[in-house]
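A.B. asks: Below: one structure in structure tokens.
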Amino acid sequence: MSEKLKVGIVGGTGMVGQRFVQLLDQHPWFEVTTIAASAGSAGKTYEQSVQGRWKLPDPIPENVKNIVVLDASKVEEVASQVDFIFCAVDMKKEEIKALEEAYAKTGTPVVSNNSAHRWTPDVPMVIPEINPGHLDVIAAQRKRLGTSTGFIAVKPNCSIQSYVPMLNALLDFKPTTVVASTYQAISGAGKNFTDWPEMLDNVIPYIGGEEEKSEQEPLRIWGSIENDQIVKASAPLITTQCIRVPVLDGHLATVFVSFENKPSKEEILARWKQFKGRPQELGLPSAPKQFITYFEEENRPQTRLDRDIERGMGISVGRLREDSIYDFKFVGLSHNTLRGAAGGAVLIAELLKAEGYIQAK
Numbered sequence: 122m123s124e125k126l127k128v129g130i131v132g133g134t135g136m137v138g139q140r141f142v143q144l145l146d147q148h149p150w151f152e153v154t155t156i157a158a159s160a161g162s163a164g165k166t167y168e169q170s171v172q173g174r175w176k177l178p179d180p181i182p183e184n185v186k187n188i189v190v191l192d193a194s195k196v197e198e199v200a201s202q203v204d205f206i207f208c209a210v211d212m213k214k215e216e217i218k219a220l221e222e223a224y225a226k227t228g229t230p231v232v233s234n235n236s237a238h239r240w241t242p243d244v245p246m247v248i249p250e251i252n253p254g255h256l257d258v259i260a261a262q263r264k265r266l267g268t269s270t271g272f273i274a275v276k277p278n279c280s281i282q283s284y285v286p287m288l289n290a291l292l293d294f295k296p297t298t299v300v301a302s303t304y305q306a307i308s309g310a311g312k313n314f315t316d317w318p319e320m321l322d323n324v325i326p327y328i329g330g331e332e333e334k335s336e337q338e339p340l341r342i343w344g345s346i347e348n349d350q351i352v353k354a355s356a357p358l359i360t361t362q363c364i365r366v367p368v369l370d371g372h373l374a375t376v377f378v379s380f381e382n383k384p385s386k387e388e389i390l391a392r393w394k395q396f397k398g399r400p401q402e403l404g405l406p407s408a409p410k411q412f413i414t415y416f417e418e419e420n421r422p423q424t425r426l427d428r429d430i431e432r433g434m435g436i437s438v439g440r441l442r443e444d445s446i447y448d449f450k451f452v453g454l455s456h457n458t459l460r461g462a463a464g465g466a467v468l469i470a471e472l473l474k475a476e477g478y479i480q481a482k
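Going by this note's numbering, the first residue of the sequence shown is number 122, and it counts up by one from there.
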């Protein structure tokens, strides 16, 4: 690509916005040219706006330090300067929905890290290796919004990335029942231990709204397009518990699963090892070469050792064994702010670019 696409980050001062800034530094296809945030940050340089609030271990990339932050609510001004935007704002759900649609109606593609549009019938919610075909619904969404180039695409909840890929590789065996418990890092709440000292030496057995998302969003990902909208799958039946643990990054899941056609352990391991998706076929810049990595060791995957596999974009799994009540059980792990948030959204944008949905204005 001779000329990089111009990217705006709407909500660029928050934790996920900071991850976008970090991940897009030196990206081969995309360049951050515009950052927008609340009116309180507007008019300051990006470095000034995140002073005392920069949460990542690496320093602020030099090429964004002096970008003057715009007011995210000034949609036309922001949209006129970019080819597409990433959106990671902290607002009420209805406000986010309205803001993202306003950007899309300017002809600007929106790749969202927010949950607001995950159940809008004609908005694709995508894990690029799993349901790239859902991008086909964008044509209907554009018609509804009255735009030939704008649209919204969203990434799913971070918690499901640590078990849905493994189940997806086994769909041929028709999983019927899934029981999953997720042990979720504090960065999933946009915090670190300085912000949230109550999490030290502590476990909180509740994350608001997380269990409903973890049970229902996989069914939408496995759904089908019917009459210009995505209709969720009816199976498997999924029940979850979501727990906050004193870990900075990385969501770990313990999973039990039963099948209509029970596979052997060898068949499961072969499916996991061989599983590839559209990002691997296309060789997208952020795509992990090995999407699912299985560890033979009994004490892996471990959050601190394995969350960064494949630059944080791979999924780890281990401890596959038969169960006395369900057919099998295993432990999965994903990096929640890389694969689960900003990195997953960047991969969606790369897929959209490769498939012709995002182009230079």
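Heads up, the beta-carbon is just placed ideally off N, CA and C, and yes, glycines get one too.
So what does DSSP say about Q362, is it helix, strand or coil?
C.D. replies: Your numbering for residue 362 matches position 241 in the sequence shown. Here Q362 sits in strand by DSSP.
A.B. asks: For the alpha helix (DSSP H) that contains F412, what are its first and last residues?
C.D. replies: Start at 1 with the first residue of the sequence shown, and residue 412 comes out as number 291. Note, F412: premise wrong, no alpha helix (DSSP H); not H, not E.
A.B. asks: To the nearest angstrom, how far is it from the Cα of P277 to the Cα of E183?
C.D. replies: Reading the sequence shown from its first residue, position 156 is the one you call residue 277. Reading the sequence shown from its first residue, position 62 is the one you call residue 183. Computed Cα separation, rounded: 31 Å.
A.B. asks: Which of the three DSSP states, helix, strand or coil, is assigned to T424?
C.D. replies: Your numbering for residue 424 matches position 303 in the sequence shown. Looking at T424 - three-state DSSP - the assignment turns out to be helix.
A.B. asks: Any idea which residues DSSP pairs P296 with across the strands?
C.D. replies: On the sequence shown, position 175 is the one that residue 296 refers to. Beta-bridge pairing links P296 to F380.
A.B. asks: Which of the three DSSP states, helix, strand or coil, is assigned to M434?
C.D. replies: As a first step, residue 434 must be located in the sequence shown, where it is residue number 313. Of the three classes helix, strand and coil, the one that applies to M434 here is coil, per DSSP.
A.B. asks: Just how far apart, CA to CA, sit T166 and Q337?
C.D. replies: Walking along the sequence shown from the start, residue 166 turns up at place 45. Walking along the sequence shown from the start, residue 337 turns up at place 216. Approximately 40 Å, taken between the alpha carbons.
A.B. asks: Quick check: S218 and A193, are their CB atoms within less than 7 Å of each other?
C.D. replies: The residue you call residue 218 lines up with position 97 of the sequence shown. The residue you call residue 193 lines up with position 72 of the sequence shown. Here the sequence assigns Lys to residue 218, which means Ser is not the residue at that position. Going by C-beta atoms, K218 is not nearer than 7 Å to A193.
A.B. asks: Is it true that the CB of P249 sits closer than 7 Å to the CB of I469?
C.D. replies: As a first step, residue 469 is located in the sequence shown; it is residue number 348 there, counting from the start. As a first step, residue 249 is located in the sequence shown; it is residue number 128 there, counting from the start. Yes.
A.B. asks: Since A301 sits in a beta bridge, which residues does DSSP pair it with?
C.D. replies: Residue numbering aside, residue 301 sits at position 180 when the sequence shown is read from its first letter. T361, V376.
A.B. asks: Where do the N-terminal and C-terminal ends of the alpha helix (DSSP H) with F396 fall, by residue?
C.D. replies: Reading the sequence shown from its first residue, position 275 is the one you call residue 396. Taken as a continuous stretch (DSSP letters only), F396 belongs to no alpha helix (DSSP H), as it is neither H nor E.
A.B. asks: So, at 6 Å on beta carbons, what are the nonlocal neighbours of A522 in its own chain, with the 5 sequence-adjacent residues on each side left out?
C.D. replies: Past the boundaries of the shown model lies residue 522; the chain is included only from 122 to 482, so the question cannot be answered.
A.B. asks: Just how far apart, CA to CA, sit K186 and G461?
C.D. replies: Within the sequence shown, residue 186 is the residue found at index 65, counting from 1. Within the sequence shown, residue 461 is the residue found at index 340, counting from 1. One C-alpha to the other measures close to 26 Å.
A.B. asks: Roughly how many angstroms lie between the CA atoms of G254 and I281, to the nearest whole one?
C.D. replies: For the purposes of this step, residue 254 is taken as residue 133 along the sequence shown, with counting starting at 1. For the purposes of this step, residue 281 is taken as residue 160 along the sequence shown, with counting starting at 1. Rounded to the nearest angstrom, the two C-alpha atoms are 19 Å apart.
A.B. asks: For G330, does the three-state DSSP call read helix, strand or coil?
C.D. replies: Here residue 330 corresponds to residue number 209 of the sequence shown, with the count starting at 1. Reduced to three states, the DSSP call for G330 is coil.
A.B. asks: Could you pull the start and end residues of the alpha helix (DSSP H) that F141 belongs to?
C.D. replies: For the purposes of this step, residue 141 is identified with residue 20 of the sequence shown, where counting begins at 1. First-last of the alpha helix (DSSP H) with F141: 136 to 145.
A.B. asks: Which first and last residues belong to the beta strand (DSSP E) in which A157 is found?
C.D. replies: Looking up residue 157 in the sequence shown gives position 36. Note, A157: beta strand (DSSP E), 151 to 158.
A.B. asks: What does the alpha-carbon distance come out to for the pair P339 and G173?
C.D. replies: Taking the sequence shown and counting its residues from 1, one reaches residue 339 at position 218. Taking the sequence shown and counting its residues from 1, one reaches residue 173 at position 52. Approximately 37 Å, taken between the alpha carbons.
A.B. asks: Secondary structure at L126, three-state DSSP: helix, strand or coil?
C.D. replies: Position 5 of the sequence shown, counting from 1, holds the residue named residue 126. Strand.
A.B. asks: Please report how far the alpha carbon of K295 lies from the alpha carbon of V378, in whole angstroms.
C.D. replies: Here the question's residue 295 lines up with position 174 in the sequence shown. Here the question's residue 378 lines up with position 257 in the sequence shown. Rounded to the nearest angstrom, the two C-alpha atoms are 10 Å apart.
A.B. asks: Could you tell me the alpha carbon to alpha carbon distance between L373 and L177, rounded to whole angstroms?
C.D. replies: Walking along the sequence shown from the start, residue 373 turns up at place 252. Walking along the sequence shown from the start, residue 177 turns up at place 56. Answer to the nearest angstrom: the Cα atoms are 21 Å apart.
A.B. asks: Could you tell me if D370 is buried or exposed, where buried requires 16 or more neighbouring beta carbons within 10 angstroms of its beta carbon?
C.D. replies: Taking the first residue of the sequence shown as 1, we reach residue 370 at position 249. D370 should be labelled buried.
A.B. asks: Over the uninterrupted alpha helix (DSSP H) stretch that includes Q169, give me the two end residues.
C.D. replies: Within the sequence shown, numbered from 1, the residue matching residue 169 stands at position 48. From DSSP, the alpha helix (DSSP H) with Q169 extends over 167 to 170.
A.B. asks: From L321 to F314, what distance separates their C-alpha atoms?
C.D. replies: Numbered from its first residue, the sequence shown carries residue 321 at position 200. Numbered from its first residue, the sequence shown carries residue 314 at position 193. L321 and F314: Cα-Cα distance of roughly 7 Å.
A.B. asks: Please state whether DSSP places P182 in a helix, a strand or coil.
C.D. replies: Position 61 of the sequence shown holds residue 182. In this structure, P182 counts as coil in the three-state DSSP scheme.
A.B. asks: Count the other C-beta atoms from every protein chain shown that fall within 10 angstroms of the C-beta of E221, then say buried if there are 16 or more, exposed otherwise.
C.D. replies: The residue labelled residue 221 in the question sits at position 100 within the sequence shown. It is buried - the Cβ of E221 has at least 16 other Cβ atoms within 10 Å.
A.B. asks: Return the Cβ separation of V467 and V452 in integer angstroms, given the expectation that the two are a contact with Cβ distance under 8 Å.
C.D. replies: As a first step, residue 467 must be located in the sequence shown, where it is residue number 346. As a first step, residue 452 must be located in the sequence shown, where it is residue number 331. With a Cβ gap of about 27 Å, V467 and V452 do not count as contacting.
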